[in-house]
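Below is one structure; the comments refer to it alone.
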Amino acid sequence: MPAASDIVPDSERHGLIGALPPPLRPFASLMRLDRPIGSWLLYWPCAWSVALAGVGGRWDLFLWLGLGAFAMRSAGCVYNDIVDRDLDRRVERTRLRPLASKRVSITAAWVLIALLCVVGLVVLLQLNLTAALVALASIAPVAAYPFMKRITWWPQAWLGIVFSWGALVGWPAVTGGLSSTAFLLWFGSIAWVVGYDTLYAIQDMEDDALVGVKSSARRLGDKAPLGVGIFYLVALALWGAAIWTVRRDWLALLALVPAALHLANQALRADPADSALALRLFRSNRSCGLLVALAMLVVGLSSR
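Just so we're aligned: 125 in this note's numbering is position 58 of the sequence shown, and the numbers increase by one with no gaps anywhere.
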């Protein structure tokens, strides 16, 4: 069994951490191996873009971009923990993170980032030049993200820019260039991220207020469910516009109905006073991402 210090409160995979040798557990926790939801959420915009582009025979891109999402999300988490280690010690949900609890050294954390970036480089080499350059351009916003919650009430919007970047990578990986379709997917995904990360931020509202960390959940307060619903509506509208650029057929938009119902359910059930429910609704976006991916695949393949 893992020690109490090996598991953070919102861990999804306690058994995974416990199955590893004790020396590896802090590094697995740094990479969030016990919380794969982040890798899925980073991956889905990549998959949407490849799917809506019609795949172009590059079915392997779904696997390569999945590996890249896992490696880069893991590296991003380690970097975020390096930057936030002092704040994390003051927040109940994060005080047991390996860097905050000093179970991993800063040097070891940077070495782990380097190893994960090697995996990312392998994935990068599977892409054409345009897609690879677009992917590399994400480094700057990724590096800036941990500082956003110190200077703006809307760090979720910056996270949206970062976590949606795959929409700008997948499209040129298939087509060889960027287009308005990719940007519509990207902007739609940004709105989606702001919505679901507002749900996630509900967990930390009290602690964030105590340590002076800003978030959309704190800014919206009791109106958080309404805000989430509005952002989800914007996301659906932009995804619909992206579909329209590929296939100008009202029936094609029906492909988004399952995802729309899923998102509506989240917004209607959200409660700023119920952090456990907020976490469950946040995690359910893994399924929402799949529903959108299936919609984009149906439209993408039928338009080619």
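We put the beta carbon where it would ideally sit given N, CA and C, even for glycine.
Here the structure is a predicted model, which is why all the values come from computation and not from measurement.
In whole angstroms, what is the alpha-carbon distance linking residue i and residue j?
i	j	result
Ala71	Pro339	Summary for Ala71: the model assigns pLDDT 45, below 50, so the residue's position carries little reliability, and this model does not support an answer.
Val365	Ala175	44 Å
Gly356	Cys113	11 Å
Ala207	Val201	12 Å
Gly85	Pro93	11 Å
Gln193	Leu108	21 Å
Phe230	Val260	7 Å
Leu183	Gly135	9 Å
Leu235	Leu245	7 Å
Ala337	Arg347	10 Å
Trp111	Leu252	11 Å
Leu87	Ala199	34 Å
Asp271	Leu203	32 Å
Arg314	Thr197	24 Å
Ala343	Phe349	10 Å
Tell me whether the beta-carbon of residue i lies closer than 9 Å to the beta-carbon of residue j.
i	j	result
Lys281	Trp225	no
Leu266	Ala211	no
Phe214	Val150	yes
Ala322	Ala362	yes
Arg152	Ala142	no
Pro165	Leu97	yes
Leu358	Val122	no
Gly237	Leu305	no
Gly307	Gly262	no
Leu300	Trp311	no
Asp289	Gln223	no
Val145	Ile180	yes
Within 8 Å: the Cβ of residue i and any heavy atom of the ligand MG?
i	result
Val241	Ligands displayed in this structure: none; no statement on the ligand MG is therefore possible.
Smallest Cα separation from residue i: which of the options?
i	options	result
Pro325	Asn352, Leu287, Ala337, Gln193	Asn352
Ala120	Val295, Ala308, Thr248, Asn195	Thr248
Ser256	Arg156, Leu87, Trp232	Trp232
Hey, residue i and residue j are a contact pair by Cβ (cut 8 Å); roughly how many whole angstroms apart?
i	j	result
Leu303	Leu330	7 Å
Leu132	Val117	7 Å
Ala258	Phe298	5 Å
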